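Right, one structure below, let's go through it.
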Amino acid sequence: QPNFRRPYWAQHEKSFRTYMRKDLAVDRSTGDYGVENFSYDETHLDEWQMPEGLIEDLPTELKQRIDDWQAAGAAVCTALERIQKLYTESLYRGWPERRLSHLSRRTSSMSSSQASPFLPPSMMGTSDRIAPSPLALAISQQMRSPPLGMESPPFTPLDSNCPGTPTNWTDSKSIPPPPDLTRIKPELSPISCRRDSTLSTTCAPIFDENAWETYLNTFRAELDDIRVHAIVRLKGYGYTVDKLRVESGSDAEFKDAVDRFTEWWLMMKEKVRSYDARVKELEEPDLDFVKMERTAKGMIV
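With my numbering, letter number 274 in the sequence shown gets 275, and the count goes up by one each step, no holes.
So, in structure tokens, the structure goes:
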């Protein structure tokens, strides 16, 4: 291949031989899933640990693959634990509690004719606005046109048309006390406090389709993770361990250790098959079945 057709980093003979290697793609490919690529609960590692004194005499490469396989098994158990928790939450996730729903804004069903007399006219209907009296109109027009000389100072307080002291005054002892708000009828309140059918069931959980869809999406994500990644990773590491076990068994140095390991390994392969069957049986919760369970437990559907 001419030099001008080569990449800039393959102009020399040594770099060109590296560029033309057929196994270059294999060397440059990313490594398989490792322990750092997935998470698990360390308490589940005990279920996959080897007996005492069984791993010390095995080859180093086989030990490393066994460690990865154990971590993959713990990841499967952790995923199953999360799914089991979601199964338990199926009774409640579609019926979220609304403890603060009474604080949310609601449109009052009270008509404008039933509105409180304490509300300003701007908050009432247009048909219920009170027309100003002729006296109020005269006073407002008089205030809009200030007397001569008041446009610019100086002017005296006598120029302003301030109302005088009212002649009909009332003794403070004869003023009635303010009304007791606890005894005011609900119809007179600015916000209707009537307990209708919707408000009486506000605190009771009702079915929320959006909450149920969110729950199902979470459940489907967990199912996808355990089926596509977790259980496949465990079986893949098991295949690698099986391959290295057979190769190491032909070596006289490791034959006895591999034979002891094989007895334990065959039992663990049965365990992996049982977990694989368990994963295949997983299904997302059915809404009708969940409603039946809630009804059987005396819960609102």
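For each residue, glycine too, the CB sits at the ideal point set by N, CA and C. Since this is a predicted model, take the numbers as computed values, not measurements.
Rounding to the nearest angstrom, what Cα-Cα distance links residue i and residue j in this structure?
i      : j      : result
Arg274 : Asp58  : 27 Å
Asp225 : Trp265 : 30 Å
Ala231 : Glu14  : 45 Å
Glu282 : Glu254 : 43 Å
Thr89  : Ala222 : 17 Å
Gly299 : Leu87  : 21 Å
Glu98  : Ile56  : 52 Å
Ser249 : Ser40  : 30 Å
Asp68  : Arg279 : 23 Å
Leu63  : Asp243 : 9 Å
Thr263 : Leu217 : 42 Å
Glu214 : Gln50  : 39 Å
Can you round the beta-carbon distance between residue i and residue j to whole angstroms, since I take them to be within the 8 Å contact cut?
i      : j      : result
Leu46  : Gln71  : 6 Å
Pro212 : Arg94  : Pro is not the amino acid found at residue 212; the sequence shown has Ala there. Sure, about 6 Å apart at Cβ, within 8 Å.
Leu235 : Gly54  : Not quite, the Cβ-Cβ distance comes to about 25 Å (not below 8 Å), so this is no contact.
Pro96  : Phe220 : Per the sequence presented here, residue 96 reads as Trp, with Pro not at that position. About 16 Å; that fails the 8 Å criterion.
Tyr238 : Val77  : With a Cβ gap of about 11 Å, Tyr238 and Val77 do not count as contacting.
Go ahead and label residue i buried or exposed: buried means 16 or more other beta carbons lie within 10 angstroms of its beta carbon, across all protein chains shown.
i      : result
Asp289 : exposed
Ser251 : exposed
Thr296 : exposed
Ala205 : exposed
Ser91  : buried
Pro286 : buried
Ile301 : exposed
Tyr240 : exposed
Arg246 : buried
Leu267 : exposed
Asp42  : exposed
Val259 : buried
Thr44  : exposed
Thr61  : exposed
Val291 : buried
Between which two residues does the alpha helix (DSSP H) harbouring residue i extend?
i      : result
Gly250 : 232-250
Lys256 : 256-281
Asp225 : 210-226
Gln71  : 61-94
Thr44  : It is not in any alpha helix (DSSP H) - Thr44 carries neither H nor E in the DSSP assignment.
Met293 : 288-297
Taking 8 Å as the threshold (beta carbon to beta carbon), is residue i in contact with chain B?
i     : result
Asp58 : Judged by its chain identifiers, the structure shown contains no chain B, having just a single protein chain.
When every heavy atom of the ligand MN is checked, does at least one fall within less than 7 Å of the C-beta of residue i?
i      : result
Leu288 : With respect to the ligand MN, the structure shown offers nothing to examine, as it has no ligands at all.
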